[in-house]
Structures are given as C-alpha cells and as structure tokens.
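In this note's numbering, the protein residues as written are 248 to 508.
Okay, structure coming up:
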C-alpha cells in the first residue's frame, strides 16, 4: 500500500517503480508489459502496438533510424521503436503531465537512445533545420487547428511519415450521432496552392482536466483522408500504404497512413 506523509508531496513507502507510476494513478492510457512488474490499469496496449509491426511488415524498418516522434503521450511507442532498433528518437510532448509520464517510462524501462522535450512540436517544426529518417505522428494530426500546415512542416523534415489519425467521413455520420453532434460548421483550409475542407471538432473534456490528452484549444480541425493523401502527394510522396482503416471507430473514423518519397 502506498503511504503518504501529511505533506502530500512526499512518499513514506519503500522506493519502487510502482510508486513512480502511482504518481499519476488512474491517468495512464497504456498498460506496461508484464516484465516491468507495475500495474497502471491503462486500457490500451501501446507498448506492443500492432500498428508498428504492421509498418514493419510493409517495409518500414526502424533499425538504426533517426526518428522524430510528435506527441509521445506516455512514451510507449518511443520504447517500442527503441526495441525495434531505432538509433535516435527525439520525442516532443506539450502536455506537462504526459511529459512527466514519459520521463517515468524512460526511467522504468531503461530507454537509452530517446530524448523527451517539453513543448509545442508545431513550433519546433516551424524552425527545424534537421532531417529525420522517419516522423511518427500517431494521434496528433486530428488534434491540430492547422492540420495542413502541420503536414507541410512534417514533409519538410523527412521522407517517411507514419500517421495514425481520425478523419472526417460524412458517410458514417448518421451511424455515429455522438460524433456528429460535436462537429461545427466546415471551414476552408489552405496551404500554398492547396485547398480543402476542414471540419472543426469539439472536445468533450475540458483541457483543464488532468487526464485530458487532446489539443491546446476546445476544438481541433479534422480532414478527409483523401485530402490528407492528396496533399502529401502534392508534396512529393509517391509510395503509400494504408492499414487499420476503421470508419466505424468509436471515437470517429481512423486510419494508418505510411507515406514515403
């Protein structure tokens, strides 16, 4: 049992990894593999995410690669990519509690080739002069207010993009009334000469909720998957693989896009 002193900022328990993860008890999204001997009750198996093994099966090697990861959440994918041989990972997280969970994950799992930075990755990309072998954007595009701009900036720093994202699909709205009611009026997105529709989407949770892990405002802007693909094509990406396309996903249609030049 965790023992806490009268000052809640101190622990009186014998030091353990479980104490570390319990700092954020009830807030974890992912469950650690059993070999780490901690329990957090996270609902998602992100440390053994099949989407990354799918990418490998489609010719994407993480071995000896320099990777930029946008929005690592709790560091589960970061750890997995290290396990798959990545030589260097820079992971940028803007949510302070998620960032601290990443540091706990790094310490607990013994990650050695990854570095976590706290801040806005969109601002990092705007000024980035580095080139990365792979950019991993899993669970971030649909949280952006300017998704086209984000895609453009990613396209400037890598020739290989791994995306998992929700997308707008008018054809399934009537089967998902809880999702349909959260869309605002469409807007027009533009980046350079490319234009397409954008679909503002309201968050159900408040960004002030400690467990919230969405964007920085009360809404984000979703895109149609065909517009995502067309924009990447116009920015030089020629090889595409698609997987895990789930139009009926409980949180809105979702897909993995692996794009390469």
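In this text, a Cβ means the ideal position worked out from N, Cα and C, and glycines have one as well.
Under DSSP, the beta-bridge partners assigned to residue 447 are 468.
Classified as exposed, residue 359 has fewer than 16 neighbouring CB atoms from the shown chains inside 10 Å of its CB. Between the stretch 381 to 392 and the stretch 421 to 436, the count of Cβ pairs shorter than 8 Å is below three; the stretches do not touch. Exposure of residue 480 is indicated by the presence of fewer than 16 other C-beta atoms within 10 angstroms of its C-beta. For residue 351, the secondary structure class from DSSP, reduced to helix, strand or coil, is helix.
Annotated three-state conformation of residue 317 is strand, per DSSP. Counting the other CB atoms within 10 Å of its CB gives residue 284 a total below 16, which places it among the exposed residues. Setting aside the 5 residues that flank it on each side, residue 287 is surrounded in the same chain by 268, 275, 278, 279, each with a C-beta closer than 7 Å to its C-beta; the list follows chain order. In this structure, residue 469 sits away from residue 298, with a CB-CB distance that is not shorter than 8 Å. Comparing alpha carbon positions, the residue from 501, 450, 310 closest to residue 428 is 450. Contact between residue 472 and residue 414 is confirmed by a C-beta separation of about 4 Å, below the 8 Å threshold. Within the model, the alpha-carbon separation for residue 504 versus residue 350 is close to 28 Å. Rounded to the nearest whole angstrom, the C-alpha separation of residue 353 and residue 330 is 13 Å. If you draw a 10 Å sphere on the C-beta of residue 446, you find 16 or more other C-beta atoms in it, and that means buried. Distance between residue 310 and residue 281, taken at the CA atoms: about 24 Å.
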